[in-house]
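In the working numbering, the protein residues as written are 55 to 235.
Backbone N, C-alpha and C fix where the C-beta goes; we use that ideal spot for every residue, glycine too.
Comments concern the structure below.
This is the structure in structure tokens:
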């Protein structure tokens, strides 16, 4: 009888310890992140002055696993030299990397699409295209910090310049602090 009670107690203790360990692992893995941060877009064209835009971003990220995540991001920017010139848009991105779900260091690469509108005193121009992104960051228990950089397709920017001999480069970057849940 004492051996049976001892075995039951050991079994109950092992089930409790293993379920507690599993629960702690699940708490560390937070699928959602909602963040805010700074965002910049730089458009460079040969023989033209650079267009530098800076402002803020709002983002939401869902990590399916430690290696796969998706992000939706809204940004609102102002031209660094011409404050009346504004740029706002959205990014939709998918990532493959490491540490996207769990606590600790994370790094990723991926891509997606952007769509944005440039506005100035009645002037309104839309841009869209594909982009390749990468980033690094760190996940704490409830907070994440990351830096991401994107290289954008430039077809719509080139159409605005209307000069077939001009090379155009467009890059975006974001420094984002997020709440993890």
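Short Cβ contact (9 Å threshold) for residue i with residue j
i, j, result
"residue 89", "residue 231", "yes"
"residue 147", "residue 95", "no"
"residue 121", "residue 171", "no"
"residue 150", "residue 226", "no"
Nearest-angstrom beta carbon gap, residue j and residue i [assumed within contact, 8 Å]
i, j, result
"residue 85", "residue 139", "With 8 Å as the limit, residue 85 and residue 139 do not qualify as a contact, their Cβ atoms being about 38 Å apart."
"residue 93", "residue 109", "6 Å"
"residue 197", "residue 208", "Between residue 208 and residue 197 the Cβ distance is about 35 Å, and since that is not below 8 Å, they are no contact."
"residue 157", "residue 100", "So it is not a contact: roughly 45 Å between Cβ atoms."
Inter-residue Cα distance where the pair is residue i and residue j
i, j, result
"residue 189", "residue 165", "11 Å"
"residue 124", "residue 186", "13 Å"
"residue 115", "residue 87", "5 Å"
"residue 67", "residue 117", "Residue confidence is low: residue 67 scores 44 on pLDDT, short of 50, so the model does not pin down where it sits. Its coordinate-derived value is still stated next. The straight-line gap from Cα to Cα measures roughly 33 Å."
"residue 219", "residue 98", "14 Å"
"residue 175", "residue 105", "17 Å"
"residue 224", "residue 103", "13 Å"
"residue 235", "residue 206", "30 Å"
"residue 145", "residue 107", "16 Å"
"residue 112", "residue 143", "11 Å"
"residue 210", "residue 192", "34 Å"
"residue 177", "residue 83", "46 Å"
"residue 137", "residue 173", "11 Å"
"residue 91", "residue 119", "24 Å"
Min CB distance residue i to chain D below 9 Å
i, result
"residue 199", "Checking the listed chains, one finds no chain D in this structure; it contains a single protein chain."
Count the C-beta pairs between the region 215 to 230 and the region 200 to 207 that are closer than 8 Å, then say yes if the count reaches three, no if not. Flag = yes, the region 215 to 230 and the region 200 to 207 touch.
Check whether the region 151 to 162 and the region 126 to 137 are in contact - that is, three or more C-beta pairs closer than 8 Å. Here the region 151 to 162 does not lie against the region 126 to 137, with fewer than 3 beta-carbon pairs under 8 Å apart.
Should the region 174 to 184 be called in touch with the region 209 to 218, which here means at least 3 C-beta pairs below 8 Å? The region 174 to 184 is in contact with the region 209 to 218.
Please give the ranges of any beta strand (DSSP E) in the region 182 to 220, keeping only runs that are unbroken, at least 3 residues long and fully inside the region. List check, beta strand (DSSP E) in window: 197 to 206.
Entirely enclosed beta strand (DSSP E) segments - the region 108 to 154, minimum 3 residues: Those beta strand (DSSP E) runs which fall completely within the region 108 to 154 and span 3+ residues are 122 to 133, 140 to 152.
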